Each structure stands twice: as structure tokens, then as C-alpha cells.
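Asks: Sequential numbering of the sequence shown, starting at 194, is according to the working numbering. Cβ atoms here follow ideal geometry from the backbone N, Cα and C, with glycine treated the same way. Keep in mind the model is a prediction, meaning the values are calculated, not measured.
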Amino acid sequence: MAAPRLRRVAVLVLEGAKPLDVGIPAQVFTTRPSMPYEVRVCGAAAGLVAGGDGLAYSVSSGLEALEWADLVFVPGYRHPDREDPPRAVLDALLAASERGARLAAISTGAFALAATGLLDGRRATTHWHYTRALAARYPAIRVDERVLFVDEGPVLTSAGAASGIDLCLHILRSDLGVAASNHAARRLVAAPYRSGGQAQYAPRSVPEPLGERFAATREWTLRHLAEPLDLAVLARHAAVSPRTFSRRFAEDTGTTPMEWVMRARVDMARELLEASERNVEQIAADVGLGTATNRRLHFQRVLGTTPTEYRRTFTPSD
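1. Where does residue 491 land, buried or exposed, given buried means 16+ other C-beta within 10 angstroms?
2. DSSP beta-bridge partners for residue 205?
3. For the putative contact between residue 230 and residue 205, defined by C-beta atoms under 8 angstroms, what is the C-beta separation to the nearest angstrom?
4. Closer than 6 angstroms by C-beta to residue 245: which residues in its own chain qualify, once you throw out the five before and the five after it? Chain order, please.
5. First and last residue of the beta strand (DSSP E) that includes residue 350?
6. Looking at C-alpha atoms only, which residue of 276, 467, 278, 500 is the closest neighbour of residue 373?
7. Between residue 302 and residue 319, what straight-line distance do the alpha-carbon atoms span, to the nearest angstrom?
8. Under three-state DSSP, which class holds residue 460?
9. Quick one: is residue 471 buried, meaning 16 or more other Cβ sit within 10 Å of its Cβ, or exposed?
10. Mind checking residue 268: buried by the 16 CB within 10 Å criterion, or exposed?
11. Give every residue of the same chain whose Cβ lies closer than 7 angstroms to the Cβ of residue 398, excluding the five residues on either side of it in the sequence, and list them in chain order.
12. At the level of alpha carbons, what is the spacing between residue 469 and residue 419?
13. The alpha helix (DSSP H) spanning residue 357 covers which residue range?
In C-alpha cells, the structure reads:
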């Protein structure tokens, strides 16, 4: 029996490309038994591409790699607001999209997608330093400056470099399920799940001393999802008042404490639905989702489907 075709990923390196932005998708989607992907790093033409931060990239493929790929990443690059990428690059991106490839931008790579017109009428984001420039230059785009990434189906965008990891893990969850994305996150020593709606980093004039304490509370919560959890319980663990905890938690994560708990429960339920044979009722009890009505409501709200339908999607057929 023939092995299934590997999913094809092209990483398009433009002039001034940022090294971390290039490296993230190339490393996340590297070919290995647990990752059925093949990656090609390409440029406008094969050869040497001048990058940012004093680096250069030697790429073996040109724009023909976009004709081959199922998923095209456009890493961020320097000075994206000064001029568009070459017309040949934009035409190749448009052609890839037209034949069904997904296009994903990391950081300022969103400017390249914007120049094609593919983001017009859609939500998109980029690094917080450039969100206003993106909105001013491309007013047809609904720029969201507070989120880590935006999934609009055929086109995806993310904020700064680290959020490129979040975007890649999000794509892995969509393609292969939660277990695969969590495995990749462990390999990268990265957070297994940060919602795309989580707030981008913005510099503060005074360091926030509660960050580590709240991180410990989030870790503790993930180990106690089956238990009754409310704002008072979480605030008590963090050793602050409920009011302070709620306010600071929202500032740190872009969501309320109980919304975060609910999403963590759904995410854990997803992994158990994929990887275990426990029935839906047992899994709901294991993660604290409660009654049948509640679990259906939460799944529908977060994933747009029911637990039963989700399991069916990620259970291989005989």
C-alpha cells in the first residue's frame, strides 16, 4: 500500500527577511515520522537572498515552489511599508491561492499578502509596530492589532515572530489534531495553546511583577480542570483579590479567567477525544465540562461542532 503524499510547505524568503520568522515554519513543519510534511525554502529566484540582521539565505528554489506547495508561508521582512515585493512574487502568491494553496504570513509578511489584494475585506493582523501602517496603506483590510493570529481560511496572518509559533501550532491542530500540535509544542518547548484572540505584547513602562505568579496559576489550573474552578479559587491560588486577578489576567491574556478555563477544558477534551477510547460523558467529567448541554454548548462555541462530530472527524476510518 502506497504511503500517503506528504503535505507540501513552501517558505518564501523575501529581501530583508527576518531570521526567526524564516526558521519557525521551516522547523515546525520539518519532515519526521510525526510530521507528514515536506518543506522547501524558496525565494523570488534560486540563489542568495539578502536578509535582515546581517544575514543572507541561500535558497535552492525559486517561485516554482509556490506551484508545488499546499501551504505557503511568507515570513516577515524589514521595511514592509516602503515598497511592495516584486510583481512576479505577488503573481505567484495569487496563482497559488487560486489553485487552492493556503497562504500564511508571519509578522510583516502580511504586507506581501496585502499587496496581492487577498486580504481585502478580511480580518488580518501583523506585528503591533506595523498595524497602523498596514491599516493606512490597505484600508480595505480589517486590521486587528490586539490578536496573536487570524485564521480567515485560505489566508492566515500572525503578529510578531513568537506568534508565528502559535500560528504554526494552530495549523497543525487543524491538519492533524491536538495530539500532534501538543507533541510539536513539547519538541519546541513552546506553549501548547495560545488562542489567536490573546492580546499581543505591548511594552509597559513598569515591569509587571505578577506575570510569573499568574503563569504558575495557569499551570496549576491545567492540572485541576476536573475540579470546581471559579474566580475565587483561581485568585486564592494567585494570592491576590478576585478583582485584581480578573483585571490583571485579562491584561496578560486578552481574555477573562473563566473564558480561559473553558477553552483549556475544551482543548483537553479534544485531545482525549482524539487519543482515548473513553466515552464523551467520561471525558467531560475528566475535564470539568459538566452536563451534556454544557459540553455541547462549549464545543459549539469554540469549535463550531459537537464532541461526537469532532471525534468522528479525527477517528481514522477502517
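Replies: With the structure as the only source:
1. buried
2. 235
3. Wrong, their Cβ atoms sit about 16 angstroms apart, outside the cutoff.
4. 209, 211, 271
5. 348-351
6. 467
7. 8 angstroms
8. helix
9. exposed
10. buried
11. Per-residue confidence for residue 398 stands at a pLDDT of 30, beneath the threshold of 50, marking its modelled position as unreliable; the derived number appears in the next sentence. Result list for residue 398: empty, nothing under 7 angstroms.
12. 17 angstroms
13. 354-369
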